[in-house]
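Protein sequence lines, in the order shown, are assigned to chains A and B. Position in the first sequence (first residue = 1) + 454 = the numbering used here. Position in the second sequence (first residue = 1) + 19 = the numbering used here. Every residue, glycine too, gets a C-beta built ideally from N, C-alpha and C.
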Amino acid sequence: AQRVTQPEKLLSVFKGAPVELKCNYSYSGSPELFWYVQYSRQRLQLLLRHISRESIKGFTADLNKGETSFHLKKPFAQEEDSAMYYCALSGGSGNTPLVFGKGTRLSVIA
Amino acid sequence: KAGVTQTPRYLIKTRGQQVTLSCSPISGHRSVSWYQQTPGQGLQFLFEYFSETQRNKGNFPGRFSGRQFSNSRSEMNVSTLELGDSALYLCASSPTGARANYGYTFGSGTRLTVV
């Protein structure tokens with residue numbers, strides 16, 4: 455079964471401090487991992503996916519298959535990063551749906 | 020281009036009633052997925068339709084059903100509503116599925132309240 459765990463419901467950091475949002479997954483095959491973000495009063499949207507290996511808005515995430523983790527990181531937090539962040543996994547074939555973690559609310563304090 | 024449109028935005032229903040929610044995906048998108056979002060459980064997958072066929076189904080009771088039309092618009096139906104069905108129901112569309120290049124595009128959701 456596919457499972458995504460985000461251990462922190464809320465993470466508060468000061469502006470300019472590093473950010474790490476944790477995500478652990480459970481899946482026996484080769485998953486594809488994603489981070490989705492929801493800013494206040496906006497729709498849920500894709501932030502990044504591991505297969506692209508790109509940096510979006512200064513965020514990066516590395517898939518660690520040994521630790522089954524896909525933590526989201528940013529070296530210097532900005533106030534506009536305050537949002538709800540969801541880690542998601544799609545396992546198996548390319549047609550499997552996304553399974554989401556319960557989300558972490560990031561609050562960046564000025 | 021127009022985004023994913025969900026109607027209605029808000030609904031209040033009584034226990035035992037049934038409800039139908041609608042989702043119009045982005046033009047050209049053939050995959051439509053539905054999620055139930057609650058504060059306690061987060062986003063839980065209901066089902067996915069692709070080219071009018073249910074391709075995946077989550078772990079929800081049979082009271083929850085859906086369908087997709089030839090124009091890719093999708094509806095979901097919940098029969099015999101229970102208080103626990105109160106939630107935000109999100110629709111997500113994609114050209115091919117979860118792994119499409121730009122992932123899912125989500126709608127604003129339908130807020131269902133069961134009293």
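For Phe64(B), the uninterrupted beta strand (DSSP E) segment begins and ends at 61-69. Cβ atoms of Leu500(A) and Tyr121(B) come within 8 Å of each other, at about 6 Å. Beyond the five residues adjoining it in sequence on each side, Phe488(A) comes within less than 6 Å, by CB distance, of Arg503, Ala542 in the same chain, given in chain order. Between the region 556-563 of chain A and the region 458-472 of chain A, the count of C-beta pairs closer than 8 Å reaches three or more; the two stretches touch. For Ala471(A), the closest of Asn549(A), Ser523(A), Gly512(A), Pro551(A) by C-alpha to C-alpha distance is Gly512(A). Per the coordinates, the alpha-carbon of Gly35(B) lies some 7 Å from the alpha-carbon of Glu101(B). Taking C-alpha positions only, Val491(A) is separated from Gly81(B) by approximately 31 Å. Beta-carbon to beta-carbon, Glu67(B) and Pro551(A) are separated by about 5 Å, close enough to satisfy the 8 Å threshold.
Identification of chain A residues near Gly122(B) by a Cβ-Cβ cut-off of 7 Å yields Phe488, Leu500, Arg503, ordered along the chain.
Not one beta carbon of chain B lies nearer than 8 Å to the beta carbon of Leu560(A). Going by beta carbons, Ser93(B) and Gly103(B) fall outside the 8 Å limit.
When DSSP states are grouped into helix, strand and coil, Ser93(B) belongs to the strand group. Check the Cα spacing between Arg495(A) and each of Met538(A), Lys528(A), Asn478(A): the tightest is with Met538(A). Per DSSP, reduced to three states, the secondary structure at Gly103(B) is helical. The DSSP-derived three-state label of Ile45(B) is coil.
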